[in-house]
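Okay, structure first, notes after.
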Amino acid sequence: MAFGKRKAQEQGPPVPAVDWTDVRRFTIGRTERSVAHGKKSQLGRLAVRVPRQAKDLRTYAPCAYFRTDSPGNPVAEPTLYEDEAAQRILCAVDDPVDVGKEVHRSVRDGEGRVIGTILRIPSSNRVVHHTWRIAQAGHPEIAGRSQWSLANNSPKGLALRGLESTLNVVLELAADGDNRTTEGRTLEWRTEDELVMVSKGIPQFDSSIDMSIKVGWLDRRLAFAVAMVPDFPKL
């Protein structure tokens with residue numbers, strides 16, 4: 001019995017929630033605390049979490065919650081809640097709507113008002129993957145591209161699309177090697193003039209994505225929505 005109490009004390013209390021409105025980095029998962037040197041992580045509710053490092057201890061403070069607590073399929077219902085009891089909706093992603101050859105998903109706040117749109121744009125070139133974009137009223141459209149395709153904005157970059165495709169294949173094959181457990185594909189989300197956000201796959205622990213926001217004007221709920229879209233490209 002004493003051993004059980006000591007173990008519970010070592011686990012520590014739940015990590016307090018933080019405000020979602022100005023987070024700069026987040027993951028999606030159940031890990032609340034992780035300690036270096038291979039010690040077992042402390043788990044909590046499935047949530048959008050803000051990682052913070054203090055010496056050998058990393059905490060993941062929740063800022064928005066999923067209704068389900070299943071780590072296997074967190075986006076079965078692409079809805080986030082402000083509270084752990086899942087009573088107050090923070091944001092929700094609509095079902096996809098075909099607009100010509102594009103696929104649009106509206107993102108709504110807790111009152112049902114549209115706060116932005118996630119767009120899946122088909123490529124005009126068979127060797128180049130489709131692109132993802134984020135539309136937020138009053139701001140330039142944001143395009144998500146792999147780091148190797150950022151040069152596509154220039155005429156020279158357009159001529160290098162075939163090379164980019166080859167490089168992506170090489171990188172994907174390399175990801176199947178020894179580094180697969182610690183590294184993943186990176187997307188940079190940019191307007192014409194500004195880096196807005198970076199998303200990176202982290203196939204470790206119980207999280208699969210790490211998002212870093214670089215600007216203050218991006219509505220964080222749109223960033224959360226990107227991470228929830230069921231057909232978002234595997235990172």
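Residues in the sequence shown are numbered consecutively from 1, following my numbering. From the three backbone atoms N, C-alpha and C, an ideal C-beta is built for every residue, glycine too. Every value quoted in this text rests on a predicted model; they were computed, and no experiment measured them.
Contact check, residue i vs residue j, beta carbons under 8 angstroms
i	j	result
P135	G110	As written in the sequence, residue 135 is Ala, which differs from the Pro given in the question. Cβ atoms of A135 and G110: not closer than 8 angstroms.
R33	G12	yes
D98	R105	no
P62	A17	yes
E84	R52	no
L187	R221	no
V292	Y60	Any answer about residue 292 is impossible in this case: the structure gives the chain only from 1 up to 235.
Endpoints, beta strand (DSSP E) assigned at residue i
i	result
A85	Unbroken run through A85: none, as it is neither H nor E.
P51	42 to 54
A64	57 to 65
G12	Unbroken run through G12: none, as it is neither H nor E.
7 angstroms Cβ shell around residue i - same chain, five flanking residues per side excluded
i	result
K101	P122
E82	A64, R88, L90
A227	I28, I209, M211
A215	It is worth fixing the name first, because residue 215 is Val in this sequence and not Ala. Once the five neighbours on either side are set aside, the close Cβ partners of V215 are E194, V196.
D219	I115, G116, Q136
N-terminal and C-terminal residue of the alpha helix (DSSP H) that residue i is part of
i	result
R221	220 to 228
Inter-residue Cα distance where the pair is residue i and residue j
i	j	result
A54	K200	22 angstroms
R67	E192	36 angstroms
R120	R25	23 angstroms
E141	R133	7 angstroms
L80	S41	24 angstroms
A223	R185	17 angstroms
Neighbourhood of residue i by C-beta, 6 angstroms cutoff - its chain only, sequence neighbours within 5 removed
i	result
P96	V103, R105
Go through the region 88 to 138 residue by residue and report every complete run of the beta strand (DSSP E) that reaches 3 residues or more, in order. 89 to 93, 97 to 99, 102 to 109, 114 to 121, 131 to 135
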